[in-house]
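Q: Residue numbers for the sequence shown follow UniProt numbering, beginning at 1 and rising by one.
A virtual CB, placed ideally from N, CA and C, is assigned to each residue, including glycine.
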Amino acid sequence: MNDYKIGLFDSGLGGLTILKAVTKALPQYDYVFFGDTAHLPLGDKTEEEIFEYTRAGVEELFERDCALVIIACNTASAETMRRLQDTFLPQKYPDRRILGVIIPTVEELIESKSKKALLLATKRTVESGKYGRELLKYGSDIELHSVATPELVPLIESGKSAEAANLAIKIIEDQLNGIGEIDTVILGCTHYAKFKDDLRRAFPSAMPAQAGQTTSATLKILSQDEIIPHKLALYLLNHPEIESRLSRDSTRSIHLSVHRPDYDQIAADLLGGIIV
Ligand code: DGL
Numbered sequence: 001m002n003d004y005k006i007g008l009f010d011s012g013l014g015g016l017t018i019l020k021a022v023t024k025a026l027p028q029y030d031y032v033f034f035g036d037t038a039h040l041p042l043g044d045k046t047e048e049e050i051f052e053y054t055r056a057g058v059e060e061l062f063e064r065d066c067a068l069v070i071i072a073c074n075t076a077s078a079e080t081m082r083r084l085q086d087t088f089l090p091q092k093y094p095d096r097r098i099l100g101v102i103i104p105t106v107e108e109l110i111e112s113k114s115k116k117a118l119l120l121a122t123k124r125t126v127e128s129g130k131y132g133r134e135l136l137k138y139g140s141d142i143e144l145h146s147v148a149t150p151e152l153v154p155l156i157e158s159g160k161s162a163e164a165a166n167l168a169i170k171i172i173e174d175q176l177n178g179i180g181e182i183d184t185v186i187l188g189c190t191h192y193a194k195f196k197d198d199l200r201r202a203f204p205s206a207m208p209a210q211a212g213q214t215t216s217a218t219l220k221i222l223s224q225d226e227i228i229p230h231k232l233a234l235y236l237l238n239h240p241e242i243e244s245r246l247s248r249d250s251t252r253s254i255h256l257s258v259h260r261p262d263y264d265q266i267a268a269d270l271l272g273g274i275i276v
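(1) For the ligand FMN, is there a heavy atom less than 6 angstroms away from the beta-carbon of S11?
(2) Which same chain residues, not among the five before or five after P208, have their C-beta less than 7 angstroms away from its C-beta?
(3) Would you grab the beta carbon distance between S244 and N74 for me? Rounded to a whole angstrom, and I think it's under 8 angstroms.
(4) Does the distance between the C-beta of L109 and the nearest non-hydrogen atom of the ligand DGL fall short of 6 angstroms?
(5) Can you tell me whether Q210 is buried or exposed? The criterion is at least 16 other CB atoms within 10 Å of its CB, across all chains shown.
(6) Ends of the beta strand (DSSP E) at E143?
(7) Kindly indicate which residue of E143, L155, P154, F195 has the alpha-carbon position closest to the one of E181.
(8) Keeping to the same chain, check which residues put their C-beta closer than 6 angstroms to that of I169; ignore five residues upstream and five downstream.
(9) Provide the residue(s) that pair with A10 in DSSP beta bridges, ordered along the chain.
(10) Tell me which same chain residues have a C-beta within less than 7 angstroms of the C-beta of P154, skipping the five on either side of it?
(11) Can you tell me whether R124 is buried or exposed? The criterion is at least 16 other CB atoms within 10 Å of its CB, across all chains shown.
(12) To the nearest angstrom, report how far apart I171 and I221 are at their CA atoms.
(13) Can you have a look at K115 and say buried or exposed, based on whether 16 or more other CB atoms are within 10 angstroms of its CB?
(14) Can you tell me whether S244 is helix, strand or coil according to DSSP?
(15) Which residues in the same chain have their Cβ closer than 8 angstroms to the Cβ of V58, if we skip the five residues on either side of it in sequence?
(16) Using C-beta distances below 7 angstroms, list every residue in its chain close to R248, excluding the 5 sequence neighbours before and after it, in chain order.
(17) If you run the structure through DSSP and keep just helix, strand and coil, what is A117?
(18) Taking the alpha helix (DSSP H) that S140 falls in, what are its first and last residues?
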């Protein structure tokens with residue numbers, strides 16, 4: 001029966017950046033997004049709260065006929081993936097799958113030949129130590145510095161992405177002064193894709209100096225909206241048992257735990273989608 005969809009879960013706007021990117025890369029499939037706006041920001045909740053909210057969000061997406069759910073949130077990926085995969089899935093939805101965003105990002109970092117990287121992420125993602133552990137599992141010797149940036153999600157969610165960008169630039173500059181040269185910044189929160197272009201202008205990646213350049217440091221900026229689409233394509237190629245169950249009517253629907261009027265326009269601009 002091929003009438004299943006691809007689901008995406010996040011607290012809010014970050015997940016929509018991933019939705020936009022995957023629908024652009026793989027437009028033929030049907031997508032359902034669930035944003036747990038009631039619990040924004042997830043990044044400063046407890047481990048147990050994050051597990052509960054994520055489990056409920058994933059369940060909502062499974063009930064809406066998703067065969068595969070992308071947890072488009074680093075905080076939730078860090079705190080829940082193992083538990084969901086080890087207990088919740090086998091017990092309740094043995095024929096469904098979930099994917100996180102951290103392992104694909106760590107793989108990308110390793111492939112990028114980085115030597116020393118800076119992770120910007122939420123408080124819980126940094127405290128979980130998940131990025132460092134995954135790097136170790138791959139036997140990587142990349143030197144990873146992590147900094148919690150809890151101010152950024154609330155700024156982005158209140159429409160102040162330019163302020164968030166300036167703050168992120170300042171945080172990176174402070175880190176460069178403190179830890180010395182780095183070659184890569186990992187945007188380890190899906191919301192941060194919103195200001196990736198500002199960071200690239202501020203820290204041009206081994207390119208000739210550009211107008212508007214504010215610093216001489218050259219950095220590679222890893223943004224998950226540019227990583228997840230090709231990792232998803234690869235996953236579907238390698239998992240025909242999931243891919244063959246997916247419907248191909250190019251529909252998108254967006255559901256929020258608490259309706260936010262300011263998302264209506266964003267969703268319409270992003271997807272021509274509807275919010276329920
Ligand atoms: N977008 C989520 C992430 O990638 C976090 C947002 C939040 O704190 O709610 O971690």
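A: Short version:
(1) Among the ligands present in this structure, namely the ligand DGL, the ligand FMN is not found.
(2) Note that P208 has pLDDT 45, beneath the 50 cutoff, so the model's placement of it is unreliable and the number below is only indicative. Contacts found: none.
(3) About 30 angstroms; that fails the 8 angstroms criterion.
(4) no
(5) Only weak support exists for where Q210 lies, its pLDDT of 49 falling under 50; the value from the coordinates is given anyway. Answer is exposed; the Cβ neighbour count stays below 16.
(6) 143–148
(7) E143
(8) A202
(9) The sequence shown places Asp at residue 10, rather than the Ala named in the question. Answer is G35.
(10) P41
(11) buried
(12) 14 angstroms
(13) exposed
(14) coil
(15) G7, F9, V69, I71, L84, F88, I98
(16) Q28, Y29
(17) strand
(18) No alpha helix (DSSP H) contains S140, which DSSP labels as neither H nor E.
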